[in-house]
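These protein sequence lines map, in sequence, to chains A and B. For the first sequence, counting from 1, position 102 maps to 102 in our numbering; every step adds exactly one. For the second sequence, counting from 1, position 105 maps to 105 in our numbering; every step adds exactly one. Contents: one structure, followed by commentary.
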Amino acid sequence: KQEVTQIPAALSVPEGENLVLNCSFTDSAIYNLQWFRQDPGKGLTSLLLIQSSQREQTSGRLNASLDKSSGRSTLYIAASQPGDSATYLCAVRPRGGSYIPTFGRGTSLIVHP
Amino acid sequence: EPEVTQTPSHQVTQMGQEVILRCVPISNHLYFYWYRQILGQKVEFLVSFYNNEISEKSEIFDDQFSVERPDGSNFTLKIRSTKLEDSAMYFCACSGGQGVDEQFFGPGTRLTVL
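Given below as structure tokens:
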């Protein structure tokens with residue numbers, strides 16, 4: 001059974017710092033991995049999707065990498081801003097048969113001015 | 001930009017009552033999903049729906065739950081007889097547009113069962 005872990009659980013940084021959020025998974029037979037942002041009491045906003053054949057994806061100040069062999073993905077946020085404050089979730093979809101995604105618990109990020 | 005909408009935003013009901021949660025997915029998407037998130041817990045998959053039938057469902061999605069796409073735009077989740085433990089945020093999602101696998105979520109319905 002796939003298990004997804006996100007470390008750290010919470011992070012508080014001053015504005016302007018570059019950040020790395022981690023997502024690890026136990027079964028490397030994945031179809032894709034998707035990073036989301038969730039604001040308190042709100043839905044999930046898709047940030048980046050990495051297919052199993054890809055190594056990284058970039059969107060603006062965000063860069064996500066994928067290393068299937070080590071069961072890890074990282075989300076890099078450059079030059080963090082207070083507006084980046086949210087919970088960041090990763091979700092892993094398996095390959096073959098079922099496509100049911102497994103979510104991590106998320107990293108709660110606070111960027112203070 | 002197209003988005004997923006959900007109604008109501010908050011539903012309060014008595015235990016044992018039926019509730020229907022409604023979603024309008026992005027119009028050209030083909031795959032539809034329901035998830036739930038109990039307060040403070042992980043997001044959990046409930047069911048996926050494609051071509052007017054259930055593709056996959058989790059253990060949570062028992063006989064008390066059903067989904068329907070009654071017309072070309074709405075996608076509904078029905079809980080027949082709500083229990084206290086059904087209290088959660090319920091999210092609708094869809095995929096199958098231009099970025100085929102990317103899932104787009106709605107803002108959620110907060111269900112409170114008293």
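Idealized CB from N, CA, C, for every residue including glycine. Just so you know, these numbers come straight off a predicted model, no measurement behind them.
(request) Run the proximity test for A:K68: is its beta-carbon closer than 7 angstroms to any non-hydrogen atom belonging to the ligand SAM? (result) In the structure on display, the ligand SAM does not appear, and there are no ligands present to speak of.
(request) Kindly provide the ranges of any beta strand (DSSP E) runs that are 3 or more residues long and lie completely inside the segment 29 to 58 of chain A, ordered along the chain. (result) Entirely contained in the segment 29 to 58 of chain A, the beta strand (DSSP E) runs reaching 3 residues are, in chain order, 30 to 38 and 44 to 51.
(request) List the residues of chain B whose Cβ lies closer than 8 angstroms to the Cβ of A:I100, in chain order. (result) Chain B residues near A:I100: F45, S48, E56 and S58.
(request) Report yes if the CB atom of B:P107 is closer than 8 angstroms to the CB atom of B:F75, and no otherwise. (result) Going by C-beta atoms, B:P107 is not nearer than 8 angstroms to B:F75.
(message) If distances are taken between C-alpha atoms only, which option among A:S73, A:V111, A:R95 and A:R61 comes closest to A:C23?
(response) Closest option to A:C23, Cα to Cα, is A:S73.
(message) I want to verify the contact list: residues of chain A whose CB lies under 7 angstroms from the CB of B:D62, in sequence order.
(response) Simply none; closest approach about 16 angstroms.
(request) Taking A:D67 as part of the beta strand (DSSP E), name the residues at either end of that continuous run. (result) That run of the beta strand (DSSP E) goes L62 to D67.
(request) Could you tell me the distance, in whole angstroms, from the CA atom of B:R22 to the CA atom of B:V4? (result) Distance from the CA of B:R22 to the CA of B:V4, rounded to the nearest whole angstrom, comes to 11 angstroms.
(message) Under 8 angstroms, Cβ to Cβ, is there at least one residue of chain B near A:L33?
(response) A:L33 does not count as touching chain B.
(message) In whole angstroms, give me the CA-to-CA distance for A:G96 and B:L77.
(response) Cα-Cα distance, rounded: 27 angstroms.
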